[in-house]
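Notes for the one structure printed next.
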């Protein structure tokens, strides 16, 4: 079986009886060993002592006064964030439970970096045993910002961190064979190079084809099903759509902030103008396997899922919207 996303640290975590991820000392130590927490040569004694002690005992309680005693303000802020993250994990039986608690509380005090890392490792657990790189690449949308890559005939997404700062117009490696010159060459995941994903899964350097009627939307639908099953114990079917023609928009979930705004306009009966409609990247129809779980006013009506890009052609998916936005009578955690 091929391993993937090794850098997320899933191998440092334990599993409970229900398959949830349990925090370990080794996982916490990996955070405290991060370069941004390593005391520099001119660090104060308080910072040096705190770092040394937490590498020895990563569950050691740390008071606000101790953090306040760190001389460097940047180091002090870094320690505040990472210890808040540690304490969140220690308060809950599993990482899944910690993430759900944060999502349901609507808390926004945890930096996006830590939220995305939680999503990353939870998805690694939910997708354990998956042997389809298209599904795994689709899952990267949950925790990595994407950028739309220019192409006349396909909807291609590249990792924003990889392609965003390298070239204003990254192109496909196949296009470079036609004489195009660029600083960034991006391989698009396809049937010919799919095996290469296993060696490159931690590099996030393969583009994803989300063109309608292709493999991309189907792969993303599978990830969303696994996400809901793993975290909420919900069995659903999700199918990609080409358009919302003649659809009764009883309930919808925007999978990103821009999609939520577009969905609000549609729900209020507004017709989208051309530029707004062009920002819709993908549409899905979700139905519950057990319709009795749905709210009474929804009954057997499907839920529509909308994925869109921002005005600057970026995609920042919010997977938490799937967990909080469905019309479900009673949500239960698996773990």
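In the working numbering, the protein residues as written are -10 to 324.
Ideal Cβ positions, reconstructed from N, Cα and C, are used throughout, including at glycine.
| said: For residue 164 and residue 27, what's the separation of their Cα atoms in angstroms? | reply: Within the chain shown, numbered from 1, the residue matching residue 164 stands at position 175. Within the chain shown, numbered from 1, the residue matching residue 27 stands at position 38. Its pLDDT being 35, under 50, residue 164 is placed unreliably in this model, and the value from its coordinates should be taken loosely. Each residue's alpha carbon lies about 43 Å from the other.
| query | Where are the beta strand (DSSP E) runs, 3 residues long or more, that stay fully inside the stretch 207 to 248, in chain order? | reply | 225 to 230, 240 to 243
| query | For residue 312, does the three-state DSSP call read helix, strand or coil? | reply | If you number the chain shown from 1, residue 312 lands on position 323. DSSP places residue 312 in helix when its eight states are reduced to three.
| request: Using the DSSP secondary-structure output, state which residues sit across from residue 334 in a beta bridge. | output: Within the shown structure, residues of the chain are numbered from -10 to 324, placing residue 334 beyond reach of any answer.
| How long is the line joining the alpha carbons of residue 278 and residue 211, rounded to whole angstroms? | Position 289 of the chain shown, counted from the start, is the residue given in the question as residue 278. Position 222 of the chain shown, counted from the start, is the residue given in the question as residue 211. Rounded to the nearest angstrom, the two C-alpha atoms are 15 Å apart.
| message | Can you check which of these residues, 230, 268, 264, is closest to residue 245 by C-alpha distance? | response | Here residue 245 corresponds to residue number 256 of the chain shown, with the count starting at 1. Put simply, of 230, 268, 264 the residue whose alpha carbon is nearest the alpha carbon of residue 245 is 268.
| Distance between residue -8 and residue 103 (C-alpha atoms, nearest Å) | Residue 103 sits at position 114 when you count from the first residue of the chain shown. Residue -8 sits at position 3 when you count from the first residue of the chain shown. Across the structure, residue 103 and residue -8 are spaced so that their CA atoms are roughly 23 Å apart.
| message | Just to confirm, is the Cβ distance from residue 252 to residue 186 under 9 Å? | response | Here residue 252 refers to the residue found at position 263 of the chain shown. Here residue 186 refers to the residue found at position 197 of the chain shown. No; because the gap between Cβ atoms is not below 9 Å, this pair is not in contact.
| query | From residue 229 to residue 15, what distance separates their C-alpha atoms? | reply | The residue labelled residue 229 in the question sits at position 240 within the chain shown. The residue labelled residue 15 in the question sits at position 26 within the chain shown. Taking the straight line from one Cα to the other gives about 40 Å.
| message | Quick check: the stretch 131 to 144 against the stretch 19 to 36, are at least 3 beta-carbon pairs closer than 8 Å? | response | Pairwise C-beta distances place the stretch 19 to 36 out of contact with the stretch 131 to 144, as fewer than three of them are shorter than 8 Å.
| message | Let's see if you can read the secondary structure: which residues bound the beta strand (DSSP E) around residue 277? | response | Within the chain shown, the letter at position 288 stands for residue 277. Here the beta strand (DSSP E) through residue 277 covers 269 to 277.
| Secondary structure of residue 265, DSSP reduced to three states | Translated into the one-based positions of the chain shown, residue 265 becomes position 276. Looking at residue 265 - three-state DSSP - the assignment turns out to be helix.
| task | Compare the C-alpha of residue 273 against each of 209, 70, 109 and name the closest. | result | The sequence position of residue 273 within the chain shown is 284, counting from 1. Minimum Cα distance to residue 273 is reached at 209.
| message | Applying the 10 Å Cβ sphere with the 16-neighbour rule, what's the burial state of residue 226? | response | For the purposes of this step, residue 226 is identified with residue 237 of the chain shown, where counting begins at 1. So residue 226 ends up on the exposed side.
| message | Mapping the DSSP letters down to three states, classify residue 283 as helix, strand or coil. | response | Indexing the chain shown from 1 puts residue 283 at position 294. Looking at residue 283 - three-state DSSP - the assignment turns out to be strand.
| task | Give the single residue among 47, 116, 61 whose Cα lies nearest to the Cα of residue 74. | result | Position 85 of the chain shown, counted from the first residue, corresponds to residue 74. Considering only alpha carbons, the answer is 47.
| message | So, does the stretch 305 to 320 touch the stretch 84 to 97, judging by three or more C-beta pairs under 8 Å? | response | yes
| Below 8 Å, can you find three or more Cβ-Cβ pairs linking the stretch 98 to 115 to the stretch -4 to 7? | yes
| request: Give the range of the beta strand (DSSP E) segment to which residue 147 is assigned. | output: Residue mapping note: residue 147 aligns to position 158 of the chain shown, counting from 1. Segment 145 to 148, the beta strand (DSSP E) holding residue 147.
| Member of 23, 205, 76, 86 whose CA lies at the smallest distance from the CA of residue 121 | If you number the chain shown from 1, residue 121 lands on position 132. Comparing Cα-Cα distances from residue 121 to each of 23, 205, 76, 86, the minimum goes to 205.
| task | With DSSP collapsed to three states, give me the class of residue -5. | result | Looking up residue -5 in the chain shown gives position 6. Correct three-state label for residue -5: helix.
| task | Determine the DSSP secondary structure at residue 306, reduced to helix, strand or coil. | result | Within the chain shown, the letter at position 317 stands for residue 306. If DSSP states are grouped into helix, strand and coil, residue 306 belongs with the strands.
| request: Throw me the rounded Cβ distance for the residue 280 and residue 289 pair, which I believe falls under 8 Å. | output: The residue given as residue 280 occupies position 291 in the chain shown. The residue given as residue 289 occupies position 300 in the chain shown. By a beta-carbon distance limit of 8 Å, residue 280 contacts residue 289. Their separation comes to about 5 Å.
| query | Under 9 Å between the Cβ atoms of residue 125 and residue 136? | reply | For the purposes of this step, residue 125 is taken as residue 136 along the chain shown, with counting starting at 1. For the purposes of this step, residue 136 is taken as residue 147 along the chain shown, with counting starting at 1. Not a contact, by the Cβ cut-off of 9 Å.
| request: For residue 248, count neighbouring C-beta atoms within 10 Å of its own C-beta (all shown protein chains included) and say buried if the count is 16 or more, exposed if not. | output: Within the chain shown, the letter at position 259 stands for residue 248. With 16 or more Cβ atoms within 10 Å of its Cβ, residue 248 is classed as buried.
| Straight-line gap, residue 304 to residue 175 (C-alpha atoms, nearest Å) | Counted from its first residue, the chain shown places residue 304 at position 315. Counted from its first residue, the chain shown places residue 175 at position 186. Between residue 304 and residue 175, the C-alpha separation is close to 18 Å.
| Beta-bridge partners of residue 295, as assigned by DSSP | Taking the chain shown and counting its residues from 1, the one referred to as residue 295 is at position 306. According to DSSP, residue 295 bridges with 243, 272.
| Using a Cβ-Cβ cut-off of 8 Å (strictly less than) and excluding sequence neighbours within five positions of residue 72, which residues of its own chain qualify? | As a working note, residue 72 is residue 83 in the chain shown. 51, 56.
| query | Where do the ends of the alpha helix (DSSP H) carrying residue 75 lie? | reply | Taking the chain shown and counting its residues from 1, one reaches residue 75 at position 86. Looking at the DSSP string, the run of the alpha helix (DSSP H) that includes residue 75 is 62 to 80.
| How big is the Cα-Cα spacing for residue 195 and residue 201? | Working through the chain shown from its first residue, we reach residue 195 at position 206. Working through the chain shown from its first residue, we reach residue 201 at position 212. Looking at the two C-alpha atoms, the distance is approximately 19 Å.
| field | Beta-bridge partners of residue 176, as assigned by DSSP | value | Taking the first residue of the chain shown as position 1, residue 176 is located at position 187. According to DSSP, which records beta bridges pairwise, residue 176 is partnered with 195.
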